[in-house]
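Undergrad: In my numbering, the protein residues as written are 22 to 173. Note that beta-carbon positions come from the ideal geometry of N, C-alpha and C, so glycine has one too. Can you read through this structure? Questions will come right after.
Okay, here's the thing in structure tokens:
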């Protein structure tokens with residue numbers, strides 16, 4: 022918890038020191054390139070890997086940026102997933118539960134094999150750092166598209 026607080030504090034200080042407010046479409050870690058996994062998303066998303074796979078640490082991280090309304094398909098991770106929200110407003114839902122509204126500083130911890138989706142609000146860009154614990158054994162299992170009714 023202290024590390025997340027310090028990360029958020031440092032990000033805020035860097036933004037303040039830059040002299041200009043952060044735009045909703047300028048993520049903390051950069052937007053990245055068009056997402057190579059776009060077949061499992063609705064709308065436009067971008068991926069910026071933050072670290073390569075390290076055999077000792079085994080915790081890949083990537084910044085994912087979503088244009089308004091963009092979202093993942095339903096999916097699960099065999100080793101779980103942690104999302105650190107850094108920019109904009111987003112949505113997250115675990116199957117069978119209510120949709121959560123996400124803001125910068127929120128942390129979403131999804132246990133292994135729990136079906137969920139995440140993405141941007143209808144009127145906001147959204148970015149999060151996706152952490153993949155338990156790599157390389159942690160595999161995503163992609164399921165069906167999130168319908169417009171589920172999204173709303």
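#1: Which first and last residues belong to the beta strand (DSSP E) in which residue 67 is found?
#2: Going by alpha carbons, who is nearest to residue 110 out of 163, 143, 55?
#3: State the start and end residues of the unbroken beta strand (DSSP E) segment that holds residue 170.
#4: Does residue 113 come out as helix, strand or coil in the three-state DSSP assignment?
#5: Only counting the same chain, and skipping five residues up and downstream in sequence, which positions put a Cβ closer than 8 angstroms to that of residue 122?
#6: Please go through the same chain and pick out, in chain order, the residues whose beta-carbon is closer than 6 angstroms to the beta-carbon of residue 30, but skip the five residues on each side of it.
#7: Going by DSSP in three states, residue 156 sits in which element: helix, strand or coil?
#8: Contact between the region 159-167 and the region 125-132 is defined here as three or more beta-carbon pairs at a separation below 8 angstroms; is this criterion met?
#9: Taking three-plus beta-carbon pairs below 8 angstroms as touching, is the region 88-95 in contact with the region 152-159?
#10: Buried or exposed for residue 60, going by 16 or more other Cβ atoms inside 10 Å?
#11: Kindly list the residues whose CB is nearer than 8 angstroms to the CB of residue 44, restricted to its own chain and excluding five residues on each side of it in sequence; keep chain order.
TA: By the coordinates alone:
#1: Counting along the chain, the beta strand (DSSP E) containing residue 67 begins and ends at 66-70.
#2: Relative to the Cα of residue 110, the nearest Cα in the group 163, 143, 55 belongs to 143.
#3: Secondary structure note for residue 170: it is in no beta strand (DSSP E), and the uninterrupted alpha helix (DSSP H) holding it is 169-172.
#4: For residue 113, the three-state secondary structure derived from DSSP is strand.
#5: Excluding positions up to five away in sequence, the list reads 110, 111, 112, 142.
#6: With a pLDDT of 33 at residue 30, under the threshold of 50, the modelled position of that residue is not reliable, and the figure given next carries that caveat. Around residue 30: no qualifying Cβ.
#7: Residue 156: coil per DSSP, three-state reduction.
#8: With the cut-off at 8 angstroms, the region 159-167 and the region 125-132 do not touch.
#9: Segment contact: the region 88-95 against the region 152-159, fewer than three CB-CB distances shorter than 8 angstroms; contact not assigned.
#10: Classification of residue 60: exposed, given that the 10 Å Cβ count is below 16.
#11: Per-residue confidence for residue 44 stands at a pLDDT of 46, beneath the threshold of 50, marking its modelled position as unreliable; the derived number appears in the next sentence. So no residue of the chain qualifies.
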